[in-house]
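Colleague:
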Amino acid sequence: MLEASAGVAVYPDHALDAEGLLRRADVAMYQAKRDRSGVELYEARRDGNTPDRLGLLGDLRRALDAGDVELHYQPKVGFDGHVAGLEALVRWVHPDRGRVPPDEFISMAESSGLMPRLTEYVLETALGQVARWRADGLEVPVAVNVSPRDVHTPGFAGAVAGRLARHGVPAGALQLEITEHVLLEDPQRAADTLAGLTGHGVKMSLDDFGTGYSSLVHLRRLPVSELKIDRSFVARLAVDNEDAEIVRCTVDLAHSLGLLVVAEGVEDDETWERLRDLGCDAVQGWLVAAAMPPDETTAWLRARGEGGWHREPAEPSDQAQAPAEEDADQPVT
2 MLEASAGVAV YPDHALDAEG LLRRADVAMY QAKRDRSGVE LYEARRDGNT
52 PDRLGLLGDL RRALDAGDVE LHYQPKVGFD GHVAGLEALV RWVHPDRGRV
102 PPDEFISMAE SSGLMPRLTE YVLETALGQV ARWRADGLEV PVAVNVSPRD
152 VHTPGFAGAV AGRLARHGVP AGALQLEITE HVLLEDPQRA ADTLAGLTGH
202 GVKMSLDDFG TGYSSLVHLR RLPVSELKID RSFVARLAVD NEDAEIVRCT
252 VDLAHSLGLL VVAEGVEDDE TWERLRDLGC DAVQGWLVAA AMPPDETTAW
302 LRARGEGGWH REPAEPSDQA QAPAEEDADQ PVT
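Position 196 of the sequence shown, counted from 1, bears residue number 197 in this note's numbering, the numbering being contiguous throughout.
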């Protein structure tokens, strides 16, 4: 079933020039998408967009249409060195502003209704890359973040299955990362969509575990095979006993439910060792590798070959420090 959304802006009430009218009609259209109302008339009181934000939103849409948004890939590795997978992370270099922080343009896409288009783009790009890697003998699963809005979109599971088939990628090579927020708006629709995805063979991962208000309750209701411990608990693991106890309990709980556990934001040897001792299954972060563009990721994967990744302990003064902006490597989708 096809759905259409339209936004209406009226001269001279909403703007005095064509560009202004188009921008405000854009805002109204995305409001219609969010509300699934079909048609919306622009209302200034519902528009939280500054002229700069509206311009950036239009630039993002054009960048998606032109294929100018990039994906970088960050590895997840097990403690035995095997490459457990890659996470696709979206990057956008604006022609005038330079690199736009992911949390800025992703939150803008979410609030404007552009998120389904962004997710569609990321899925299409990631699956195309997975197909090329598999053709070259590099069979590594890739995770893509999806938002609650994506999960609540009618036909989402079927659309994902169609993309997998079109690219010739087996469902097991794709993992979708969700947060517990998918259950907050429409629990039944979310459950049906997630069941449809897992029914097609797509693997599900629960991202940012521990940051929600009722993670344990939601964990029982989500058909996930992997749980990712939020970086906020990992960052002080080596010096905060309470965080260490939270991680230990999380690992024990996940394993009792048959789930794998991945720790995000691992940046130093001491944290790596604590996570290993606590029974975590895999890690992701700057200690292993930063998010890399496709060509660098390909070289990284080939260099590991069958031997996998091997940690090289460093002196404390030599520990790599991740730039603050890399906090944005955890998309808010």
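Glycine included, C-beta positions come from ideal geometry on N, C-alpha and C.
#1: So Gly259 and His83 are supposed to be a Cβ contact under 8 Å. How far apart are they, rounded?
#2: Would you call Pro324 buried or exposed, if buried means 16 or more other Cβ atoms sit within 10 Å of its Cβ?
#3: Between the Cα of Ala33 and the Cα atoms of Leu23, Val9, Pro13 and Arg24, which residue gives the shortest distance?
#4: With 16 other CB atoms within 10 Å as the buried threshold, where does Gly99 fall?
#5: Please classify Gly159: does DSSP put it in a helix, a strand, or coil?
#6: If you draw a straight line from the C-alpha of Cys281 to the C-alpha of Tyr31, how long is it?
#7: Jot down the residue ranges of each uninterrupted alpha helix (DSSP H) in the segment 207 to 258, minimum 4 residues, whole runs only, in chain order.
#8: Excluding the five sequence neighbours on either side, which residues of its own chain have a C-beta within less than 6 Å of the C-beta of Leu61, listed in chain order?
#9: Output yes or no for whether 8 Å exceeds the beta carbon distance between Asp244 and Phe210.
#10: What would DSSP say about Gly169, mapped onto helix, strand or coil?
#11: Can you tell me where the alpha helix (DSSP H) holding Pro13 begins and where it ends?
#12: Among all the DSSP beta bridges, which residues are the ones paired with Gln176?
#13: Pro188 by DSSP, collapsed to three states: which one?
#14: With Glu111 as the anchor, note down where its alpha helix (DSSP H) starts and where it stops.
#15: Which same chain residues, not among the five before or five after Arg24, have their C-beta less than 6 Å away from its C-beta?
#16: So His95 and Leu128 are supposed to be a Cβ contact under 8 Å. How far apart are they, rounded?
#17: Excluding five sequence neighbours on each side, which residues of the same chain lie with their C-beta closer than 7 Å to the C-beta of Thr154?
#18: How close, in whole Å, do the beta carbons of Glu274 and Leu288 come, if the pair is a contact with beta carbons under 8 Å?
#19: In terms of residue numbering, what span does the alpha helix (DSSP H) encompassing Arg92 cover?
#20: I'd like the span of the beta strand (DSSP E) that includes Tyr74, first residue to last.
#21: What's the C-alpha gap between Trp134 and Asp270?
#22: DSSP beta-bridge partners for Gly39?
#23: Between Ala174 and Val203, what straight-line distance do the alpha-carbon atoms span, to the nearest angstrom?
#24: Going by the beta-carbon positions, is the gap between Ala158 and Gly197 smaller than 8 Å?
#25: Pull up the DSSP beta-bridge partners for Arg100, would you.
#26: Of the residues Asp53, Ser112 and Val284, which one's Cα is nearest the Cα of Val29?
#27: For Leu72 versus Thr126, is the C-beta distance shorter than 8 Å?
Modeller: According to the data block:
#1: That belief does not hold up - the Cβ atoms of Gly259 and His83 are roughly 19 Å apart, past 8 Å.
#2: Bear in mind that a pLDDT of 46 at Pro324, under 50, signals an unreliable position, so the model cannot answer this.
#3: Among Leu23, Val9, Pro13 and Arg24, the Cα nearest to that of Ala33 belongs to Val9.
#4: When all chains shown are included, Gly99 counts as exposed.
#5: In the structure shown, Gly159 sits in a helix (DSSP, three-state: H, G or I).
#6: Rounded to whole angstroms, Cys281 and Tyr31 show a C-alpha spacing of 41 Å.
#7: Runs of alpha helix (DSSP H) with 4 or more residues, each lying fully within the segment 207 to 258, are found at 216 to 220, 232 to 235 and 242 to 257, listed in chain order.
#8: Answer for Leu61: Phe106, listed in chain order.
#9: It is not a contact, given that the beta carbons lie outside the stated cut-off.
#10: DSSP, reduced to helix, strand and coil, places Gly169 outside both helices and strands of the structure shown, so it counts as coil.
#11: No alpha helix (DSSP H) contains Pro13, which DSSP labels as neither H nor E.
#12: Answer by DSSP bridge pairing, in chain order: Ala144 and Lys204.
#13: Judged by DSSP in its simplified three-state form, Pro188 adopts helix.
#14: Counting along the chain, the alpha helix (DSSP H) containing Glu111 begins and ends at Pro103 to Ser113.
#15: Cβ-Cβ distances below 6 Å link Arg24 to Leu55 in the same chain, with the five nearest sequence neighbours on each side left out; the list follows chain order.
#16: Actually they are not in contact, since the Cβ atoms of His95 and Leu128 sit about 25 Å apart, beyond 8 Å.
#17: Pro117.
#18: 11 Å between Cβ atoms; not a contact.
#19: Segment Val84 to His95 is the beta strand (DSSP E) holding Arg92; no alpha helix (DSSP H) there.
#20: For Tyr74, the enclosing beta strand (DSSP E) stretches over residues Val70 to Gly79.
#21: Spanning the alpha carbons of Trp134 and Asp270 requires a straight line of approximately 30 Å.
#22: Gly39 is bridged by DSSP to nothing; it lacks a bridge partner.
#23: CA-to-CA, the gap between Ala174 and Val203 works out to about 8 Å.
#24: Their beta carbons are under 8 Å apart, which means Ala158 touches Gly197 by this criterion.
#25: Bridge partners of Arg100 according to DSSP: Val94.
#26: Val is not the amino acid found at residue 29; the sequence shown has Ala there. Checking every option, the nearest Cα to that of Ala29 belongs to Ser112.
#27: Yes, Cβ-Cβ distance for Leu72 and Thr126 is below 8 Å.
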